[in-house]
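Number of protein chains: 2
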Amino acid sequence: MNDMNIDVGAHLKAVRQMYGLSQRELAKRAGVTNGLISLIEQNRVSPSVSSLKKVLDGIPMTLADFFTLDLAGRSPVFFARDELADIGTGSVELRLVGSQLPKRSMSILHERYPGGADTGDEVLSHAGEEGGVVVKGRIELTVAGEARTLGPGDAYYFKSLLPHRFRNPGTEDCEIVSASSPPTF
Amino acid sequence: MNDMNIDVGAHLKAVRQMYGLSQRELAKRAGVTNGLISLIEQNRVSPSVSSLKKVLDGIPMTLADFFTLDLAGRSPVFFARDELADIGTGSVELRLVGSQLPKRSMSILHERYPGGADTGDEVLSHAGEEGGVVVKGRIELTVAGEARTLGPGDAYYFKSLLPHRFRNPGTEDCEIVSASSPPTF
DNA sequence: TCATGTCGTTCATGATATTAAACACCCGGA
DNA sequence: TCCGGGTGTTTAATATCATGAACGACATGA
Numbered sequence: 001m002n003d004m005n006i007d008v009g010a011h012l013k014a015v016r017q018m019y020g021l022s023q024r025e026l027a028k029r030a031g032v033t034n035g036l037i038s039l040i041e042q043n044r045v046s047p048s049v050s051s052l053k054k055v056l057d058g059i060p061m062t063l064a065d066f067f068t069l070d071l072a073g074r075s076p077v078f079f080a081r082d083e084l085a086d087i088g089t090g091s092v093e094l095r096l097v098g099s100q101l102p103k104r105s106m107s108i109l110h111e112r113y114p115g116g117a118d119t120g121d122e123v124l125s126h127a128g129e130e131g132g133v134v135v136k137g138r139i140e141l142t143v144a145g146e147a148r149t150l151g152p153g154d155a156y157y158f159k160s161l162l163p164h165r166f167r168n169p170g171t172e173d174c175e176i177v178s179a180s181s182p183p184t185f
Numbered sequence: 186m187n188d189m190n191i192d193v194g195a196h197l198k199a200v201r202q203m204y205g206l207s208q209r210e211l212a213k214r215a216g217v218t219n220g221l222i223s224l225i226e227q228n229r230v231s232p233s234v235s236s237l238k239k240v241l242d243g244i245p246m247t248l249a250d251f252f253t254l255d256l257a258g259r260s261p262v263f264f265a266r267d268e269l270a271d272i273g274t275g276s277v278e279l280r281l282v283g284s285q286l287p288k289r290s291m292s293i294l295h296e297r298y299p300g301g302a303d304t305g306d307e308v309l310s311h312a313g314e315e316g317g318v319v320v321k322g323r324i325e326l327t328v329a330g331e332a333r334t335l336g337p338g339d340a341y342y343f344k345s346l347l348p349h350r351f352r353n354p355g356t357e358d359c360e361i362v363s364a365s366s367p368p369t370f
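Set out below in structure tokens:
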């Protein structure tokens with residue numbers, strides 16, 4: 001999911017070759033010129049989204065797939081509460097279950113928000129999904145601009161891409177057990 | 186996903202507004218002009234990949250996330266405790282978060298085991314991984330023949346293939362919040 | 001009422017993407 | 001040797017994008 005420095009040209013070239021297409025073949029199927037594909041692959045131009053889409057249609061591959069594509073014993077089972085790694089910042093306590101496990105498919109957290117605590121102004125946002133159940137106290141959760149206050153037994157589940165923020169508006173501590181997949185931590 | 190007919194303009198607008206940014210704010214953060222964002226959102230131009238990337242950097246969001254994000258299928262996010270579907274059998278209560286969501290990558294459960302309750306003689310075993318945190322009371326968990334009693338704040342995480350069983354040996358109710366991926370329910 | 005600020009839109013112009021055609025290279029066959 | 005057909009690359013002309021500044025509409029307050 002790292003397209004920070006995605007090299008569109010090299011990426012397109014790799015994809016094209018994986019499908020066994022020449023620049024001219026692909027150009028013909030995509031309805032563009034072979035020269036354009038050459039220029040794109042050399043990063044001498046940054047194609048418009050519409051023309052990149054046309055090119056990918058000739059493969060065929062979606063824009064989402066193009067940008068998503070990545071080219072690049074017996075574990076412990078039980079964890080005492082004190083063994084959970086605290087990865088929280090500031091006053092918020094985030095205790096991660098199984099931090100030492102090499103390849104997890106989820107992050108399970110035991111979270112505690114003191115009264116007034118929140119996850120900060122900066123918006124949290126990452127791939128995958130997350131959900132949780134409020135165990136104690138009350139939390140105000142804002143997802144994609146929509147806010148709601150949840151109490152004990154209430155729950156949430158959303159795509160982590162949506163901007164979200166947790167805030168404890170009261171004075172009593174709030175505890176949550178949450179999970180996210182793929183793992184955030 | 187679905188970017189067959191992706192409307193880049195409307196999509197950008199929705200994302201921008203979701204993050205509470207004006208065209209000018211976003212333009213400033215992205216290092217482009219507000220006019221360009223206006224034109225893109227009206228689909229009067231198809232931005233180059235490089236300028237779309239600049240714009241998304243101002244949010245911030247990756248190209249992959251932008252093209253992957255599904256806005257049409259915006260699902261419910263918040264669930265009151267009474268809305269959680271009880272899928273338990275016998276005396277054990279299993280409340281599933283987001284049972285109505287079409288495609289989840291996890292099952293998140295709020296579980297309650299009355300005193301003496303257990304998950305039955307037959308051993309549970311399925312693909313994937315699961316973990317959880319004990320919220321209240323005590324539970325005896327047996328995984329691959331190894332048993333341990335966990336109290337509030339204690340946790341577990343294991344591959345679901347390992348035979349496992351939950352039992353409440355005491356008289357007080359025991360509550361757990363758990364997650365499994367891929368979803369069991 | 002007028003001033004100030006922010007919103008999104010528009011337009012002329014300069015910058016860049018895209019085309020069409022030519023170019024250089026390599027290979028297998030006459 | 002030279003030809004035809006396959007690569008990918010380059011160039012000049014054209015189409016499109018991106019900028020900077022101005023615009024009208026809508027708020028908030030003095």
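So the sequence lines, in the order shown, correspond to chains P and C.
Read left to right, the first sequence gives residues 1 to 185 (my numbering).
Read left to right, the second sequence gives residues 186 to 370 (my numbering).
We put the CB at the ideal spot given by N, CA and C, even for glycine.
Here S207 of chain C is exposed: its Cβ has fewer than 16 other Cβ atoms, across all protein chains shown, within 10 Å.
DSSP, reduced to helix, strand and coil, places D118 of chain P within a strand of the structure shown.
When C-beta atoms of the segment 23-40 of chain P are compared with those of the segment 239-257 of chain C, fewer than three pairs fall below 8 Å, so the two segments do not count as touching.
Secondary structure in the segment 208-255 of chain C: no beta strand (DSSP E) run of 3 residues or longer lies completely within the stretch. Nearest Cα to R112 of chain P within the set P:S105, P:E130 and P:V134: P:V134.
Close partners of H11 of chain P in chain C (Cβ separation under 7 Å) are lacking, with about 11 Å as the shortest Cβ gap.
Among the bridge pairs identified by DSSP, R167 of chain P is matched with P:D118 and P:E140.
Judged by DSSP secondary structure, V200 of chain C falls within the alpha helix (DSSP H) whose first and last residues are V193 to M203.
From the listed residues P:G115, P:L141 and P:R95, the smallest Cα separation to L150 of chain P is found for P:L141.
Taking a C-beta cut-off of 9 Å against chain C, the contacting residues of the segment 47-71 of chain P are P47, S48, V49, S50, S51, L52, K53, T62, L63, A64, D65, F66, F67, T68 and L69, listed in chain order. Within 10 angstroms of the beta-carbon of E129 of chain P lie 16 or more other beta-carbons, which makes it buried. Residue environment analysis places G35 of chain P among the exposed positions, since fewer than 16 neighbouring C-beta atoms fall within 10 angstroms of its C-beta. Proximity of chain P to L269 of chain C at the Cβ level (cut-off 7 Å) is accounted for by A155, in chain order.
Shown here, D86 of chain P sits in a strand according to DSSP, grouped into three states.
Under the Cβ criterion (8 Å, minimum of three pairs), the segment 168-185 of chain P does not count as touching the segment 193-205 of chain C.
Under the three-state reduction of DSSP, F370 of chain C is assigned to coil, being neither helix nor strand. Between Y204 of chain C and chain P, the shortest Cβ-Cβ separation is below 8 Å. Pairing V32 of chain P with E226 of chain C, the inter-Cα distance amounts to about 25 Å.
Using beta-carbon distances, V320 of chain C counts as an interface residue toward chain P, with a partner under 8 Å. Within chain C, the residues S290, M291 and S366 have their CB atoms less than 7 Å from the CB of S181 of chain P, given in chain order. At least one CB of chain P lies nearer than 8 Å to the CB of V193 of chain C. Nearest to S50 of chain P by alpha-carbon distance, out of P:D86, P:A30 and P:L39, is P:A30. About 15 Å separates the beta carbons of R333 of chain C and G355 of chain C, which is beyond the 8 Å limit, so they are not a contact pair. Residues of chain P with a Cβ closer than 7 Å to the Cβ of G283 of chain C are, in chain order, G131 and Y157. Note on P47 of chain P: 16 or more other CB atoms within 10 angstroms of its CB, so buried under the neighbour-count rule.
Bounds of the beta strand (DSSP E) holding R112 of chain P are S107 to Y113. Under a criterion of Cβ atoms nearer than 7 Å, the residues of chain P adjacent to V362 of chain C are, in order, V133, V135 and V177.
Closest in C-alpha terms to D82 of chain P, from the list P:G132, P:R95 and P:T89, comes P:R95. In this structure, S292 of chain C keeps its C-beta atom at 8 Å or more from the C-beta atom of S345 of chain C.
Going by beta carbons, L269 of chain C and V277 of chain C fall outside the 8 Å limit.
Proximity to H110 of chain P across C:Q285, C:R289, C:G338 and C:R352 peaks at C:G338, based on C-alpha coordinates. Under the DSSP definition of a beta bridge, L161 of chain P lacks any partner.
Residue environment: G58 of chain P is assigned as buried (16 or more neighbouring CB atoms within 10 Å of its CB, all protein chains considered).
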